[in-house]
Amino acid sequence: MTHFFRTIGLACLVLSLSACSFTTNIKFGSSKSSPAGEITLNAVEKQIDRIRGKWNGHDAEGLGEEYTADGLSILGSQDLALIGRDAIVENFGAVFGEGSPFKGATANITTEYVKDLGNGYAVSDGTFEVFGSDGASMMIGKWGDVMKATAEGPRMLQEAVFATLTEADNITPPAGDNAHAGLKSVTNDPAMMEIVKSFEESWATGNSEALANLFTDDAVRLVDSAPDALRGRDAIRESFAAGFADDSPFKGSRLTGIVLGMRDLDDDYLIAHGIWRGVDASGAPLGRGQWANLYRREGGKIRIVMENAGAMVFQGE
């Protein structure tokens, strides 16, 4: 049941603010003010109310309208992103279908941060906890989203949702795993290719300082291995340093990042998503998963504004 819930329902629950209790703890920022397309607190609250009603009515089609037609949904324990409103609506239909563990479930959702990026875009993130019909906690995690302003209000352009890993979760791929076999990066953007290469090389050498410098000063890192959002370059640097400690399974590991989609929002911001694969110090498979990031261009380079990343959890291994 846990695997089913992670696989088809998590993003739908969290960013669609399903029949749940919602806690507002929003910090607002602004970048390159654009009043005509600004995404405001009032607009966010209206969307929350609208989505809650659609969720309670099990209205998969209506919920799909809360995304852009070409929106993306990146779920923690899925192999690849859901691309486009039709795929997202189909996913909602599965969530509301027979055998869904959502029956009787509720969630507490907190929006921690919203920043208007200008030119009709905004970034937001928060946390969630899901409770079963018996009131017991099922899982907790974090979400990060890039929104687009439309005539109907803000719509989800790229969402990413990852449940926090527990000690019981197994992220080591089974023998013969080939879910991502043959996938290659789809971009030839020099700045994107450079940052992916720099991330891989800095990870391989355990260079937490170099990794942190790939992020903006005010960046947020939302990863399933950390229970809380990591805000600012100093916190991000410390998280990488902890990951390379002698007692960490990631010490000596190597990662490969593959870009499966990339889109410019304007001259300053872009989004991208893809997959990652990791091997341990001996070269044995360590894990694989998805990522979905927001970047800012700075001259001829780009830096990460928001990183969302998580590992596939394998059952029965």
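Heads up: the sequence shown begins at 34 in the numbering used here, then just goes up one per residue.
The C-beta atom is built at its ideal place from N, Cα and C for all residues, glycine as well.
In this text the structure is predicted, and so the values were computed from the model without any measurement.
L74 has its alpha-carbon roughly 15 Å from the corresponding atom of G151. Between N221 and the set I291, P206, E271 and A252, the nearest pair of CA atoms involves I291.
When C-beta atoms of the segment 303-311 are compared with those of the segment 120-139, fewer than three pairs fall below 8 Å, so the two segments do not count as touching.
Excluding its 5 nearest sequence neighbours in each direction, S235 has C-beta neighbours in its own chain below 7 Å: A243 and L244, listed in chain order.
Put simply, of L96, G209, D251 and N246 the residue whose alpha carbon is nearest the alpha carbon of R270 is N246. Just so you know, the alpha carbons of A76 and D299 end up roughly 22 Å apart. The criterion of a C-beta distance shorter than 7 Å is not satisfied by L293 and G311. With respect to the 7 Å criterion, F164 and I142 are not classified as neighbours on the basis of their beta carbons. The Cβ atoms of M339 and R321 do not sit closer than 7 Å to each other. Secondary structure within the segment 98-169: the alpha helix (DSSP H) runs of 4 or more consecutive residues, fully enclosed, are 118-128 (chain order). For A344, the uninterrupted beta strand (DSSP E) segment begins and ends at K334 to A344. Of the candidates A120, E185, V156 and G316, the residue whose Cα lies closest to the Cα of Y328 is V156.
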